[in-house]
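Q: Just dropping this structure here.
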Amino acid sequence: MPRWWWLYDAALALAAPFWLPYYALVRRPGHPGLLQRFGVYPPELRASWAGPGPSVWVHAVSVGETLAALPLLAALRARCPGRRWVVSTTTPTGQRLARERLPADTTVFYVPWDLTPCVRRAIAVVRPRLFLALETELWPNLLLRLGAAGVPIAVVNGRLSARSFPRYRAVRRWLAPALEPVKVWAMQTAADAERVLALGVPPSRVQVLGNLKADVVPPACSTEQRAALRTQLGLTDSSPLWVAGSTHPGEEEIVLGAWRQVRVDYPTLRLLLAPRHPARVPEVERLVGQFGATPRRWSQVRAAGASGRHSQPPPPGPHDVMILDTLGELMPLYGLADLVLVGGSMVPHGGHNVLEPAQWAKPVLAGPHTGNFQSLVELLSAAGGLRVVENAETLAAQVREWLAHPERRRQAGEAARAAVAAQAGATTRTVQVLCEQFGDVLLADDA
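Its first residue numbered 99, the sequence shown is counted upward by one per residue in the working numbering.
Printed below as a string of structure tokens:
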């Protein structure tokens, strides 16, 4: 390990008195896993790592990466029995989804800070025999210390966007020791692979296997469940639903402005806003009010319907905007939509996963800022299932077009779904590569 690497550790340690209070008090107040991020774990968590069988540590940052990990983990568990599966996340939303969707015998915890003492404690307790990182989680100390402990590493569903690549390239010589322990780079696209190769990764370690998210199966929704959801949303046969998912600051104003324009011609159009971060719900409620609409929290409407406090749907009215304030429910609500805008794209954030609404055969809208998912946007656009819009005016124009021509809207949705289906199979390919490369851990009886 190069001596100058200690400068990285020292810089993080010196900055800790400043960024830790901000993180604990402002960015993530009341974070339930703060101690875990220091490598301090409760006894019940430590006990779960002491069981028999080799431990495979899978790291998924947040909700998107956790969703991508679901089909991979299911396939690995079926192919490689007798292993202990350990999943870490960075965000509470990813943590909650992992706990809800993964089998009960999966240990879920928070990834440690990338400080040597924290990382060392985590590795000593987890005792992994293999480490799988979803997408682009390249924490230098974690990778270095895993490598020093003899733990093989693979990056799966790898992604390196054009937006983030210049930052990695600028420090590629400094980063090289941390990338050396990574034995497999299973990238989503050829462009991702080319960027990794430009960082100096040996070509023999890089493969293009596709996107695991194309293998995610939408949650089952029966006719009765669908009808109940429509009732709770106050939808009728004549009230189309527009869902704006994973929105960020600055986007709700654009969407609300476009919605107000479209309602001049389509007054029954309903809108559901799903902020990427639920902590922003009060802020979004205020914005809805500023646009002369009435905000309704999905959790309250759903609870009222479930308790039977009203037997009729909430009045659609001309001024109701539903706000999704719960986790893990955006995907099924996409299934009710007539059209979907995927957020993070109307502002310079890089976009979010456009495959989710496409898997429901919904026509997809995205803004111009989609660098993090550019290949998927191009895929759906080429198929005719996605339209890129620039601002509130072009957004309103495209919504009007799809509302005016239901058959075009249906065809766009079907084209989006077909494009996703054509990409399926990344899970099978990834499992095959992992078993070939790490069979001594994943397949051997005496591992």
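Idealized CB from N, CA, C, for every residue including glycine.
(1) Kindly provide the ranges of any alpha helix (DSSP H) runs that are 4 or more residues long and lie completely inside the region 303 to 371, ordered along the chain.
(2) For Val462, collect the residues of the same chain with a Cβ closer than 7 Å to its Cβ; drop the 5 residues on either side in sequence, then sort them by chain order.
(3) Opposite Tyr208 in the DSSP bridges: which residues?
(4) Considering only their Cβ atoms, is the gap separating Leu307 from Thr528 smaller than 8 Å?
(5) Check the C-beta distance from Leu165 over to Val314 and give it rounded, since I have them as a contact under 8 Å.
(6) Count the other CB atoms, across all protein chains shown, that sit within 10 Å of the CB of Arg324; report buried if there are 16 or more and exposed otherwise.
(7) So what does DSSP say about Pro226, is it helix, strand or coil?
(8) Considering only the alpha carbon of each residue, which of Pro279, Arg328 and Arg257 lies closest to Arg293?
(9) What are the boundary residues of the alpha helix (DSSP H) that includes Arg507?
(10) Near Gln496, what residues of its chain come up, given a Cβ to Cβ distance below 8 Å and the 5 sequence neighbours on each side ignored?
(11) Measure the C-alpha to C-alpha separation of Phe263 and Pro365 and round it to an integer number of angstroms.
(12) Starting from Asn470, trace the alpha helix (DSSP H) both ways and give me its first and last residue.
(13) Between Ala522 and the rest of its own chain, which residues show a CB-CB distance below 6 Å, the 5 nearest in sequence each way excluded?
(14) Taking its Cβ as the centre, do 16 or more other Cβ atoms sit within 10 Å of Asn255, making it buried, or is it exposed?
(15) Does the distance from the C-beta atom of Val217 to that of Leu240 stay below 8 Å?
(16) Give me, in chain order, the residues of the same chain whose beta-carbon lies closer than 6 Å to that of Gly137; leave out the 5 immediate sequence neighbours on both sides.
(17) Who are the near neighbours of Arg498 in its chain, counting only those whose CB is closer than 7 Å to its CB and skipping five residues on each side?
(18) In this structure, does DSSP put Ala459 in helix, strand or coil?
A: For this structure:
(1) 321 to 331 and 349 to 360
(2) Stepping through the sequence shown from its first residue, residue 462 is reached at position 364. If we look at Val462 and ignore the five residues flanking it on each side, its Cβ neighbours are Val438, Val440, Val452, Pro455, Ala456, Leu478, Gly483, Leu484 and Ala514.
(3) Here residue 208 corresponds to residue number 110 of the sequence shown, with the count starting at 1. For Tyr208, which the question treats as bridged, DSSP gives the partners Thr187.
(4) In the sequence shown, the residue the question calls residue 528 occupies position 430. In the sequence shown, the residue the question calls residue 307 occupies position 209. Yes, they are a contact pair.
(5) Your numbering for residue 165 matches position 67 in the sequence shown. Your numbering for residue 314 matches position 216 in the sequence shown. About 6 Å separates the two Cβ atoms, so the contact holds.
(6) By one-based count along the sequence shown, residue 324 stands at place 226. Exposed, because fewer than 16 other Cβ atoms sit within 10 Å of the Cβ of Arg324.
(7) Translated into the one-based positions of the sequence shown, residue 226 becomes position 128. Strand at Pro226.
(8) The residue given as residue 293 occupies position 195 in the sequence shown. The candidate whose alpha carbon is nearest that of Arg293 is Arg257.
(9) As a working note, residue 507 is residue 409 in the sequence shown. Here the alpha helix (DSSP H) through Arg507 covers Pro504 to Ala519.
(10) Mapped onto the sequence shown, residue 496 falls at position 398. Closer than 8 Å at Cβ, skipping near neighbours: Leu463, Arg485 and Val487.
(11) Residue 263 sits at position 165 when you count from the first residue of the sequence shown. Residue 365 sits at position 267 when you count from the first residue of the sequence shown. If I take the Cα positions, the gap works out to 45 Å.
(12) For the purposes of this step, residue 470 is taken as residue 372 along the sequence shown, with counting starting at 1. In the DSSP assignment, Asn470 falls outside any alpha helix (DSSP H) and carries neither an H nor an E.
(13) The residue given as residue 522 occupies position 424 in the sequence shown. Taken in chain order, the residues that qualify are Ala312 and Asp313.
(14) What you label residue 255 is simply residue 157 of the sequence shown in a count that begins at 1. Under this definition Asn255 is a buried residue.
(15) Along the sequence shown, one-based indexing puts residue 217 at 119. Along the sequence shown, one-based indexing puts residue 240 at 142. Going by C-beta atoms, Val217 is nearer than 8 Å to Leu240.
(16) As a position in the sequence shown, residue 137 is number 39, starting the count at 1. Excluding residues within five positions, the ones whose Cβ falls inside 6 Å are Pro210, Cys216, Arg219 and Ala220.
(17) Locating residue 498 in the sequence shown gives position 400, where the first residue counts as 1. Val360 and Asp363.
(18) Counted from its first residue, the sequence shown places residue 459 at position 361. Reduced to three states, the DSSP call for Ala459 is coil.
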